[in-house]
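Read the structure below first, then the notes.
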Amino acid sequence: MRVLVTGGAGYIGSHTLLELMAQGHAVCVLDNYANATPEVLNRVRALSNGTVADYTGDVRDAALLDQVMTTFRPDAVVHFAGLKAVGESAKKPLAYYDVNVCGTVALLQAMDRAGCRRIIFSSSATVYGEPVYMPYDEDHPTNPTSVYGQTKLAAERILTDWAGANPDAAAVILRYFNPVGAHHSARIGEDPQDIPGNLMPFIAQVAVGKRDALTIYGDDYDTPDGTGLRDYIHVVDLARAHVAALNHAACNTGARAFNIGTGQSHSVRDMVAAFSRACGGDIPVRQAGRRTGDIAAMQADASRAKRELGWTATHSLDDMTASTWAWQSANPDGYGTPD
Ligand code: NAD
Ligand code: UD1
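Position in the sequence shown (first residue = 1) + 922 = our numbering.
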C-alpha cells in the first residue's frame, strides 16, 4: 500500500517507517518537526536503503494536505502527529485540542476530498483513566484524567463517527501502553527535547551521566515492591502493530480499538534493575513521594489484538533496556550526535 505517515519523524513514527518499508509499503511523511529533526529521516533512509517522500508542514494545513493527497495518492494514513506531554497539556489545553483534535478533523476532511478510506490512529491507554478492573480490556470505561487523554478520546470518537458515516471506511485505533526501547541498529531511538518526564529515557540519561539520579515517585503503592507497575512495550513491537493494523484495515470496515501492550507489567525497581544489567553499572536512585496523577498499576489485556490483528509482542524486558542503552550510549546527545 501507499501509506502517508503523519508525525513520521517522531519516536514511534520513525520505527514504524522501517517496519512498513520492510513489508513493501511505500511511505510518505508529513511532519512539522515540532518535536523531531529532519536527521531522523536521513537515518531511516540509510537504514532501509529505501525512498521516504517527505513534506514539511502542519497536519492542520488543508492546502498542504490536499497537495500531499494529490501527489502521493495514499491508500491509507497512519496518524502519529500530535502533542503528547501530559503536564504541558494542563497548561496549554487549547493547543492540545487544536493539534490533536482539530488536526485529526483536518486530516479526515482531506482524506474525504481525496477518497482515502483507511486510517490507523495513535491513541493511548491513558483514555481508560482510573482502573475499574485490571488488566484493561477495550471495553473498560474511558475516563481520562488529563487534557492530553481527553484529546485522544475526542479524536477516537471523531474517527468512530467518521467510520460510521462512511460504510467503506476503516479506522483502527491503537491504544498504546508504555513504548520504550530503540531500533536494534542503535541509529534511531527516543530523543526527548527537555528533561524526560517518562521513566525509561530518564534512566537512560542517568546511565550516560547526563543526570545524577533517578527520582522514584512513590514506594507505598499496593504493588509487590511498592513502586508503580506499567506494561512496557518495545517500540519495534509497537511499530509492527501498525503493519498488522494496516492489513486489518485492508479487509475490514468500521472503527475498532485495540490495546497494544505485552499483557505483563514491571515495577520502577524492575526497570532500574533491568537497565543496570544492560549497561553493566549502577543507576543511582532517590526516593520521593507519589507523582500527582499517577496510578498504581496499568496492564493491557492484549488478547483482542492477538485474535483479530494476528499481532503479539515478542521482545523481552531485556531487549527493551539493552536497545535503549545501545541507542543512548551511541548517541548521548540524541540526533545531535554525529551519525
Ligand atoms: P513524537 O513527539 O516523537 O512524535 C510526534 C511527531 O508529530 C513529531 O515528529 C512531531 O514533530 C510531529 N508533530 C507534532 N505536531 C504536529 C503538527 N501539528 N503537524 C505535523 N506534525 C506534527 O511522539 P511519539 O512518542 O512518537 O508519539 C506518536 C503518537 O503516539 C502521538 O500522537 C502520541 O500522542 C501517541 N502516543 C505516544 C505514547 C508514548 O509514550 N510515546 C503513548 C501513547 C500514545
Ligand atoms: C505517562 C503519562 C501517560 C502517557 C504515558 C506514556 C502521566 C501522569 N502519565 O504515563 O498519560 O500515556 O506517560 O507517554 O504523566 N517514574 C518514576 N520516576 C520518573 C519517571 C517515572 O518513578 O522520573 C515512574 C512513574 O511514577 C510510573 C512509571 O515510572 O510509575 C512510569 O512512568 P512514565 O514513564 O511517566 O509513564 P506513565 O506514568 O505510565
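Glycine included, every Cβ here is placed at the ideal spot set by N, Cα and C. This structure is a prediction, so every number in the text was calculated from the model and none was measured.
Going by the beta-carbon positions, is the gap between residue i and residue j smaller than 8 Å?
| i | j | result |
| --- | --- | --- |
| Pro1057 | Gln1221 | yes |
| Leu1121 | Ala1163 | no |
| Gly929 | Ala1003 | yes |
| Leu1029 | Leu963 | no |
| Leu1081 | Phe1043 | yes |
| Phe1197 | Asp1153 | no |
| Asp1147 | Arg1191 | yes |
| Val1049 | Arg1109 | no |
| Thr1022 | Thr1073 | For the sequence presented, residue 1022 should be read as Asn rather than Thr. Yes, the pair counts as a contact, with Cβ atoms nearer than the cut-off. |
| His947 | Ala1161 | no |
| Asp1159 | Ala1047 | no |
| Gly1215 | Ser1011 | no |
| Ser1031 | Ala984 | Note that residue 1031 is Gln in the sequence shown here, rather than Ser. Going by C-beta atoms, Gln1031 is nearer than 8 Å to Ala984. |
| Ala1244 | Ala1200 | yes |
| Pro996 | Arg924 | yes |
| Leu1151 | Ala1077 | no |
Compute the beta-carbon to beta-carbon distance between residue i and residue j, rounded to the nearest angstrom, for a pair I have assumed lies under 8 Å.
| i | j | result |
| --- | --- | --- |
| Pro1101 | Ile1155 | 6 Å |
| Gly1111 | Asp1241 | Contact flag wrong, Cβ pair sits at about 13 Å. |
| Arg982 | Gly1025 | 5 Å |
| Ala998 | Ile1041 | 7 Å |
Any heavy atom of the ligand UD1 closer than 7 Å to the CB of residue i?
| i | result |
| --- | --- |
| Gly932 | no |
| Tyr1139 | yes |
| Gly1215 | yes |
| Leu1121 | yes |
| Met1220 | yes |
| Asn1100 | yes |
| Arg1109 | no |
| Tyr977 | no |
| Phe1124 | yes |
| Ser1068 | yes |
Closer than 7 Å: is that where the CB of residue i sits relative to any heavy atom of the ligand NAD?
| i | result |
| --- | --- |
| Asp953 | yes |
| Lys1006 | yes |
| Ser1046 | yes |
| Thr928 | yes |
| Ala958 | yes |
| Phe1197 | no |
| Ala1248 | no |
| Gly1037 | no |
Can you determine whether any heavy atom of the ligand GTP sits closer than 7 Å to the C-beta of residue i, and answer yes or no?
| i | result |
| --- | --- |
| Arg982 | The ligand content of the structure shown is limited to the ligand NAD and the ligand UD1, which means the ligand GTP is not among them. |
request  = May I ask you to verify whether the segment 1070-1085 touches the segment 1224-1232, counting CB pairs closer than 8 Å and requiring at least 3?
outcome  = no
inquiry  = Closer than 8 Å is the cut-off here; do at least three beta carbon pairs connect the segment 1125-1144 with the segment 964-975?
reply    = no
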